[in-house]
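Reviewing the structure listed below.
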Amino acid sequence: MAYEIRTYGDPVLKSTALEIQKIDDKLVRLTDEMFDIMYDAPGIGLAAPQIGVQKKLFVYDIGDGADVLINPEIVESSGEWIYEEGCLSIPGLYVEMIRPKEVLMRGINLAGEEVTVEADELLSRLFQHELDHLNGVLMFDRMTTDQRAEALAEYRRLHDGEAKAKRPDEPRVIKLK
Ligand code: ZN
Numbered sequence: 152m153a154y155e156i157r158t159y160g161d162p163v164l165k166s167t168a169l170e171i172q173k174i175d176d177k178l179v180r181l182t183d184e185m186f187d188i189m190y191d192a193p194g195i196g197l198a199a200p201q202i203g204v205q206k207k208l209f210v211y212d213i214g215d216g217a218d219v220l221i222n223p224e225i226v227e228s229s230g231e232w233i234y235e236e237g238c239l240s241i242p243g244l245y246v247e248m249i250r251p252k253e254v255l256m257r258g259i260n261l262a263g264e265e266v267t268v269e270a271d272e273l274l275s276r277l278f279q280h281e282l283d284h285l286n287g288v289l290m291f292d293r294m295t296t297d298q299r300a301e302a303l304a305e306y307r308r309l310h311d312g313e314a315k316a317k318r319p320d321e322p323r324v325i326k327l328k
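Here the working numbering is used: position 117 in the sequence shown is 268, and no number is missing along the way.
What follows is the structure, encoded as structure tokens:
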């Protein structure tokens, strides 16, 4: 089965993913495909619902090696950090957002072992963003009202064929307001 990245408007992105009960070869193959798609995009994280698979799992690599988290949850979070967040399902848009700076994440690895990861800044943001995908939450749901209006208008402009032809295809940054 060929997977592709689902983008904003696809209902699968609004659905809650299901807990994974069994780690088998099929699941390992799924993560292999997810890594291929993520690196190809390119991106630093990809959650299963983003390719239409309603399972609680995401893959990531922020440059420290490839990893998978299954049935992840945030155990603790602290601090605040502002970052221009992007999403493979909302291509071309970067949105400045405040979220906790540090999180302690618990999940299962591909070997079936429970793991906890202490994450700060970029990795912490990635974890929070990917976990949102598993709960059917997108960046649009996290924006301030003003940001959402601007982001939706920009997103339509970026992806509307006629308007797109008139302007360079550059990423747009939606500042915090
Ligand atoms: Zn995303």
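Glycine included, each C-beta is placed from N, C-alpha and C at the ideal position.
Following the DSSP letters along the chain, one finds Tyr190 inside the alpha helix (DSSP H) bounded by residues 176-191. Only buried fits Ala270, as 16 or more other CB atoms lie within 10 angstroms of its CB. Per DSSP, Met256 is one residue of the beta strand (DSSP E) stretching across 253-259. Secondary-structure assignment with DSSP links Ala198 through a beta bridge to Phe209. In this structure, the alpha-carbon of Glu305 lies about 7 Å from that of Arg323.
Beta-bridge pairing by DSSP links Met248 to Tyr234. Distance from the Cα of Ile241 is smallest, within the candidate group Glu272, Asn222, Ala153, Ala192, for Ala192. Take Leu274, set aside five residues on each side of it, and the residues of its chain with a beta-carbon closer than 7 Å to its own are Ile213, in chain order.
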